[in-house]
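Here's the structure, in structure tokens; my notes come after.
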Amino acid sequence: MSYENILLKKEDKLSIITINRPESLNALNAKTIQEISTAMDELNADTSCRVIILTGSGEKSFVAGADIKEFSEFGQEKAEELARNGQNTLFNKIENMSKPVIAAVNGFALGGGLELAMACHIRYASENARLGLPEVTLGLIPGYGGTQRLPKLVGKGIANEMIFSAKMIPAQKAKEIGLVNEVYPIEELLTKTKELANTIAYNSPMAISKAINAVNLSDTEKGFETEIKYFGELFEMEDKKEGVTAFLEKRKPNF
């Protein structure tokens, strides 16, 4: 289907979703959230797609935040509905996708933009990236999962500091605290992200899907038992048979 606020490009086993609202530094509004969600559904159902890259247009901004004009007059009920719908429609969906989603953070990732990046499974950033959750400067808190995902990635103390102070941190600092995996010059960011995506794309999609679910449960009581269950289930699947056979035959597996 056609989209207005995003670009969708498919390259062999990879797909790239680019948020394309450069005039507003790719700020998230309801339409953009819905379009990204629809594209995720499309790619999740596309068996030729193994890995998804999510990035922003231009070199200034991944996503500079939510479109504040859209909700500035909301009351409590509509605000709760906004947060709940956003989490269920997109942010939780990304985290629970059956395929890896890699954020290529090119520039500002603030507020909802950082929350969007944190919902992805892996984050690469450009050297000019600036990341932060500035919601308390508006008298608010993050509403798209920021208070839940950030402590899991960087620890409670650092998460509290970032949320309470609302300060932006540079890309290198984000790498040091574990918020992003790697940092590259802006002109290399997408190339390096594609390299990682291609490495992932040639591994077992079934095993990766199970691994996503297991890792997502790593801080719950179900985590260890889920790992055991999935480990056993995979022994009955074709990917395991192909992987083990290829190893014994000293060749690359064909998943």
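So for the sequence shown, the working numbering puts the first residue at 2; every next one is plus one.
Where is the CB? At the ideal position from N, CA and C, for every residue including glycine.
Rounded separation between residue i and residue j - CA only
{"i": "I54", "j": "G140", "result": "33 Å"}
{"i": "M163", "j": "K157", "result": "10 Å"}
{"i": "E131", "j": "K223", "result": "The residue you asked about is not Glu; residue 131 is Arg in the sequence shown. Cα-Cα distance, rounded: 35 Å."}
{"i": "L91", "j": "E250", "result": "42 Å"}
{"i": "F109", "j": "K61", "result": "6 Å"}
{"i": "S58", "j": "N129", "result": "14 Å"}
{"i": "A198", "j": "G146", "result": "25 Å"}
{"i": "E226", "j": "A212", "result": "13 Å"}
{"i": "M207", "j": "N45", "result": "13 Å"}
{"i": "E96", "j": "N107", "result": "20 Å"}
{"i": "P135", "j": "Y185", "result": "24 Å"}
{"i": "E74", "j": "I209", "result": "43 Å"}
{"i": "N204", "j": "S16", "result": "16 Å"}
{"i": "P101", "j": "S166", "result": "31 Å"}
{"i": "K241", "j": "L235", "result": "6 Å"}
{"i": "E196", "j": "R85", "result": "35 Å"}
Coil, strand or helix - residue i by DSSP
{"i": "G144", "result": "coil"}
{"i": "L134", "result": "coil"}
{"i": "S127", "result": "strand"}
{"i": "G57", "result": "strand"}
{"i": "T48", "result": "coil"}
{"i": "S38", "result": "helix"}
{"i": "E71", "result": "helix"}
{"i": "M3", "result": "Note that residue 3 is Ser in the sequence shown, not Met. Correct three-state label for S3: coil."}
{"i": "K253", "result": "coil"}
Integer Cβ distance of residue i from residue j, believed to fall under 8 Å
{"i": "L29", "j": "A67", "result": "5 Å"}
{"i": "L111", "j": "M41", "result": "So it is not a contact: roughly 22 Å between Cβ atoms."}
{"i": "A105", "j": "T56", "result": "4 Å"}
Residue range of the unbroken beta strand (DSSP E) whose run includes residue i
{"i": "S62", "result": "S62 to V64"}
{"i": "S25", "result": "Neither: S25 is in no beta strand (DSSP E) and is coded neither H nor E."}
Endpoints, alpha helix (DSSP H) assigned at residue i
{"i": "T246", "result": "E239 to L249"}
{"i": "L15", "result": "L15 -> not in any alpha helix (DSSP H); beta strand (DSSP E) instead, spanning L15 to I20."}
{"i": "N86", "result": "Q77 to G87"}
{"i": "L161", "result": "The residue you asked about is not Leu; residue 161 is Asn in the sequence shown. Where N161 is concerned, the enclosing alpha helix (DSSP H) stretches over K157 to S166."}
Review point. Residue ranges of each alpha helix (DSSP H) run of no fewer than 4 residues wholly in the segment 169-234, ordered along the chain?
Key: 172-177, 187-202 and 206-217
Point to revise | Whole runs of the alpha helix (DSSP H) within the segment 91-127, excluding any shorter than 4 residues | key: 93-96 and 113-120
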